[in-house]
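Participant: Under our numbering, the first residue of the first sequence carries the number 14, and numbering increases by one thereafter.
Where is the CB? At the ideal position from N, CA and C, for every residue including glycine.
Structure below; questions to follow.
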Amino acid sequence: MSEYPFKSIEARWQEFWQKNKTFRTPEKPDMSRPKYYVLDMFPYPSGVGLHVGHPLGYIATDILARYKRMKGFNVLHPMGFDAFGLPAEQFAVEHGVHPRVTTETNIANMLRQLKAIGLSYDWDRVLATTDEDYYRWTQWIFVQLYNSYYDAEEETARPIAELISRLEGSDSEFAAMSPKEKDNVLAGYRLAYIAEVPVNWCPGLGTVLANEEVTNEGKSERGNYPVYKRGLRQWMLRITAYADRLERDLEDVDWPESVKIMQRNWVGRSEGAHVDFRVPESDDIIRVFTTRPDTLFGATYMVLAPEHPLVDILTTTGQQEAISAYQAKVAGRSDRERMIDAKEKTGVFTGGYAVNPANGERIPIWIADYVLMGYGTGAIMAVPGQDNRDWEFAEVFNLPIIRTVQPSEGYDGKAFTGNGPAINSGFLNGLEIDEAKSTMISWLENQKKGEGTVTYRLRDWLFSRQRYWGEPFPVLHGEDGIIETVAESELPVTLPPMEDFRPESSDDPDAPPRPPLSRAPESWRIISIDGKTFERELNTMPQWAGSCWYYLRFIDNKNDQCLVDPDLEKYWMSGGGVDLYIGGVEHAVLHLLYARFWHKVLFDLGYVSTREPFGRLFNQGYIQAYAYRDSRGIAVDASAVVDQDGRPAVEVQDHKNRIYFYEGAEVTQEYGKMGKSLKNAVGPDEINERYGCDTLRLYEMYLGPLDASKPWNTRDIVGVNRFLRRVWRNFVHEENDTSLVADIEASPELMGALHKTIDRVSSDMERMSFNTAIAALIEFTSKLVGEDRIPRTIAEPFLLLLAPLAPHMAEELWSRIGNKESLAYAPWPVADPILLQSDEIKIAVQVNGKVRASIQVPVDAPKEDVFVLARANPDVDRHISGKTSVRDIYVPGRIVNLVVR
RNA sequence: GCCCGAGUGGCGGAACUGGUAGACGCAUGCGACUCAAAAUCGUAUGUCCAUAGGACGUGGGGGUUCGAGUCCCCCCUCGGGUACCA
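Written out as structure tokens, the structure is:
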């Protein structure tokens, strides 16, 4: 008896592919052939290894890579690791193990797991963002950003040197400045610059925290230290310069419409006006941005963000206490929490007033947390008549409401946001909104009280981190405050060896940050060039940096002269960039926007040939699983959670009336994306061991459509395993292990079924509908069960169809029926159109839209004949006899509908 | 809060362009093989009423249409993102 020996088969073929470098993409490909660049979003090499959610996308891209090879494409299908980042650093802080060691161990383990799934990556192109010869070029790109500015007129990045020589020549004031002053001016232009921005500062940990690392009580997730909002000098990247292009060029890419919409909303272009409100008896001006300058006459009060710099000046002595208390309350909350609670309107009157520039009225100035410092100017004019949030605020605090747009007839709601003529608005009265806007903008401009403007929700990219395990900035700070970038020949600036990776903590919330690199040996920190002393930048880059351009490095990963060879770049990126990029929709905005931004800069500077990096994007769904949170709202390791009877949560999670505990403390259950955030990962190794990776591959694809999220449940896995065992029995004799494939003629029925299967599987491959492709193969396999011998003309095409999905079994059977070569590059079968045709088709007959019968008709039967046949059917006749015919409908090849009364 | 998705039998899902809802798989029932079990093969399986047959049915409510899982409006629930998790 030979039961499907998956272990030996899978080991043999994985070794074969590795030894023969079957899937290696030549460094110099034959460029006369079409190319297909299929890319996965690369993983973080976590300590727990791959979870079953990762391979969902990887198996899909692998199937396509294998399919495209069989279709004659040069395929580039690489894999790498986004290996800088917090967990390795955190582990280092806690256990004293260098992040490099942890990272290398984790990568080795994940490589083993990836290879064990039979993924056809070009293993010679594996890279990690932590490789010195990779981050050398990440730093190089940073230098390009620093040394460039955005020419808004020409809409392109240019070398800053061009701007300097222009200013030196035409601007005498600039020419006369000291180097330090010039630096300050240029910082206003560079694509990389330093600015002070508000952050969640945790002095106890000596670092900035993400919103998710801050608990509801304003404490740090780790260590429970207090967290403060404070300004910090940070590296920023001027992504806002590209806002328009990032929005506009979405038109040219084949991405899910929802992702494009999210990116457009994230960029958040809005047209409107800046309006200046004067503060009486002072020189202070409060500038606001509004999308509705036409409603200025209805601005009855102003609201500033609690952190707005003018608040302290405007606040009267009587209000001082209330204002400070409110500011303190708000400071401990994240922007997100402020927005979630936005329905509950809170705020405090500053005691100060401003003058409405349209009508000269004195209006009160409030502070409230629904106005965020990070958007617009951090101040708004409140127009309750036309804005819901303002209306609600005005109701709570008894502020005046003036309608300045005539609501439509019968309108009895609160704020009116629809169209209508202006009222109570002086010179605007009677004008429709669009006209009123432009009239008001010209008036403001004439009066020097404001101007028309476009703003974006998008903010510049905060690019520095107070961490060790990231790319060092190739930046030197001179004693005189002058900044210099490290010479290209000196790159990479490698991380110094260290034993203590903690940033310096402090009890003083205002103490300057001392990131881990401040503990680096002086020999690293301080360098001397031409007699001048410099200190290295002590911050590092965020994890986003390395993932911003890895798709380019895969094209030419060994190049030590430039980041990518131009000819290779042109070939692999032709046709609009990466041909297919698969990853989770969680990257819809940040990663994809950052990568597009860098790509556009590289395009402007002439290093890449396409405007966009990723021509086609596809989001795979999530594998979801139960997760658990403790009383502070922090996710705990799901595998260590037990119920009240001490049973592991994974065994009872579907049961009702369970209470869950983690280390003795009660936790709450929720359901969501499998991964590190929710700490609910399940690995693929166990399934591999028990059923083999061809089963795992098929199972993950058979779970449902690729873009749908679905729960992880191993119960159904036997189904696809039975399918593979059935295929094996069809091809290999159970007793003597010999091939059952023979050079005999196939029946016309079987041949017809095969070609319909070829047709179905081929179109399913094209539209990435792998679950239905597998269903088609299962159906066809059932038809083979009764056959003693499988005709070769059936067997070979069938194995080729199976090959991308279950490559180990396909290769094994392919070789057992006498083929000497791997099928990895064998041509994909083509369905014979003649065998797909049939003379008769089945048509459903409806009466008044309800199906009553189905009839066989010739494919080309004329309408009238079909109606006659339909009426002749007894099941139809029963429903139409005695009734008047109103209308007969025939959709050829699909349906008959007889409408009667 | 704001932005983006999803919701179809007991379960995972199919139905690609408005045209027979439930392909395929799991689970379950029955049968064959077997001393027996496993494996395998065959067969049935949306719900309700029932004799032929019929009514209902794609999260809920309304609408458009000869015909709606699919299009439009309102609502509910769940998931993703919300800028330092990536």
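What number of angstroms, rounded off, separates the C-alpha of P718 from the C-alpha of P626?
Facilitator: Straight-line Cα distance between these residues: approximately 26 angstroms.
Participant: By Cβ distance below 7 angstroms, which residues in the same chain neighbour E405 in space, the five residues on each side in sequence not counted?
Facilitator: Counting only Cβ-Cβ distances below 7 angstroms, and skipping sequence neighbours, we find K358.
Participant: Report yes or no: do three or more beta-carbon pairs, one from the stretch 196-215 and one from the stretch 232-248, lie closer than 8 angstroms?
Facilitator: The stretch 196-215, when compared against the stretch 232-248, does touch it at the 8 angstroms Cβ threshold.
Participant: Can you tell me the Cα-Cα spacing of N701 and M92, whole angstroms?
Facilitator: Cα-Cα distance, rounded: 21 angstroms.
Participant: Nearest CA to the CA of V280: which residue from V506, S295, L263, R291?
Facilitator: The residue with the shortest Cα to Cα distance from V280 is L263.
Participant: Would you report the Cα separation of V899 and R914, rounded to the nearest angstrom?
Facilitator: Spanning the two alpha carbons is a distance of roughly 7 angstroms.
Participant: What residues in its chain sit with their C-beta under 8 angstroms from that of S541, if we drop five residues either side in the sequence?
Facilitator: For S541, where only same-chain residues beyond five positions count, the Cβ hits under 8 angstroms are F547.
Participant: Going along the chain, which residues of its own chain have a beta-carbon closer than 8 angstroms to the beta-carbon of G201, five neighbours each way excluded?
Facilitator: Around G201: no qualifying Cβ.
Participant: What are the boundary residues of the beta strand (DSSP E) that includes A395?
Facilitator: Note, A395: beta strand (DSSP E), 392-395.
Participant: Can you tell me whether C575 is buried or exposed? The criterion is at least 16 other CB atoms within 10 Å of its CB, across all chains shown.
Facilitator: The residue is exposed, with fewer than 16 neighbouring Cβ atoms inside 10 Å.
Participant: Does the pairing of the stretch 586-599 with the stretch 37-52 give three or more beta-carbon distances under 8 angstroms?
Facilitator: Judged by Cβ distances under 8 angstroms, the stretch 586-599 makes contact with the stretch 37-52, as three or more pairs qualify.
Participant: Under the DSSP definition of a beta bridge, which residues are partnered with L489?
Facilitator: Paired residues: E497, R549.
Participant: Could you please give the first and the last residue of the uninterrupted alpha helix (DSSP H) stretch that includes P579?
Facilitator: Its alpha helix (DSSP H) spans residues 579-586.
Participant: Report yes if the C-beta distance between A428 and D403 is below 8 angstroms; otherwise report no.
Facilitator: In contact: A428 and D403 (Cβ atoms closer than 8 angstroms).
Participant: Excluding the 5 residues preceding and the 5 following V864 in the sequence, name in chain order all residues of the same chain whose CB lies nearer than 8 angstroms to its CB.
Facilitator: Same-chain partners within the cutoff: A857, V858.
Participant: Taking G98 as the reference, which of T466, T553, E445, H746 has the closest Cα?
Facilitator: Nearest option by C-alpha distance: T553.
Participant: Going by beta-carbon coordinates alone, are T116 and S560 separated by less than 8 angstroms?
Facilitator: Not closer than 8 angstroms, so no.
Participant: Touching or not, the stretch 620-636 and the stretch 173-183, by the rule of three or more beta carbon pairs under 8 angstroms?
Facilitator: The stretch 620-636 is not in contact with the stretch 173-183.
Participant: So, G360 versus A381, is the Cβ gap smaller than 8 angstroms?
Facilitator: In this structure, A381 lies closer than 8 angstroms to G360 by Cβ.
Participant: Can you find the residues in the same chain that come closer than 6 angstroms, C-beta to C-beta, to C13, ignoring five residues on each side of it along the sequence?
Facilitator: Since the first residue of the chain shown is 14 and the last is 914, residue 13 is not available in this structure.
Participant: With respect to the beta strand (DSSP E) encompassing H287, which residues constitute its N-terminal and C-terminal limits?
Facilitator: First-last of the beta strand (DSSP E) with H287: 283-291.
Participant: How far does the beta strand (DSSP E) with L317 in it extend, from its first residue to its last?
Facilitator: Looking at the DSSP string, the run of the beta strand (DSSP E) that includes L317 is 314-317.
Participant: Quick check: the stretch 75-85 against the stretch 109-124, are there 3 or more CB pairs under 8 angstroms?
Facilitator: The stretch 75-85 vs the stretch 109-124: no contact.
Participant: Short of 8 angstroms in beta carbon distance, which residues of its chain neighbour Y460, apart from the five on each side in sequence? Order them along the chain.
Facilitator: Before going on, a small fix: residue 460 reads as Gln here, not Tyr. The residues are P370.
Participant: For P804, which option in S828, E758, S438 has the closest C-alpha, if you only look at C-alpha atoms?
Facilitator: Comparing Cα-Cα distances from P804 to each of S828, E758, S438, the minimum goes to E758.
Participant: So, with DSSP's three-state summary, where would you put Y80?
Facilitator: The answer is helix: DSSP assigns Y80 an H, G or I state.
Participant: Quick check for students: name the residue ranges of the alpha helix (DSSP H) that lie wholly in the stretch 76-139, counting only runs of 4 or more.
Facilitator: The qualifying runs are 99-108, 112-128.
Participant: Work out the CA separation of V368 and N374 for me, nearest whole Å.
Facilitator: Just to set this straight, residue 374 is Glu in the shown sequence, not Asn. Cα to Cα, E374 sits roughly 6 angstroms from V368.
Participant: Taking the CB atoms as reference points, tell me whether Y148 and E484 lie closer together than 8 angstroms.
Facilitator: In this structure, E484 lies closer than 8 angstroms to Y148 by Cβ.
Participant: Would you call the stretch 380-394 and the stretch 310-323 touching, i.e. three or more CB-CB distances under 8 angstroms?
Facilitator: Enough Cβ pairs lie closer than 8 angstroms, so yes.
Participant: Among the candidates G494, L489, I72, whose CA atom is the shortest distance from the CA of V506?
Facilitator: Cα-wise, what sits closest to V506 is L489.
Participant: DSSP on M14, reduced to helix/strand/coil?
Facilitator: Reliability fails at M14, whose pLDDT of 43 lies under 50, so the model's placement of it is uncertain and no value is given.
Participant: Would you check if there are 3 or more beta carbon pairs closer than 8 angstroms linking the stretch 675-687 to the stretch 635-642?
Facilitator: Output reads yes: the stretch 635-642 touches the stretch 675-687.
Participant: Under 8 angstroms, do I72 and R710 count as touching if we go by C-beta distance?
Facilitator: Yes, the pair counts as a contact, with Cβ atoms nearer than the cut-off.
Participant: Of the choices P526, D569, N572, K193, whose alpha-carbon is the least far from that of E550?
Facilitator: Of the listed residues, the one whose Cα sits closest to E550 is P526.
Participant: Look up P47 in the DSSP assignment and say whether it is helix, strand or coil.
Facilitator: DSSP places P47 in coil when its eight states are reduced to three.
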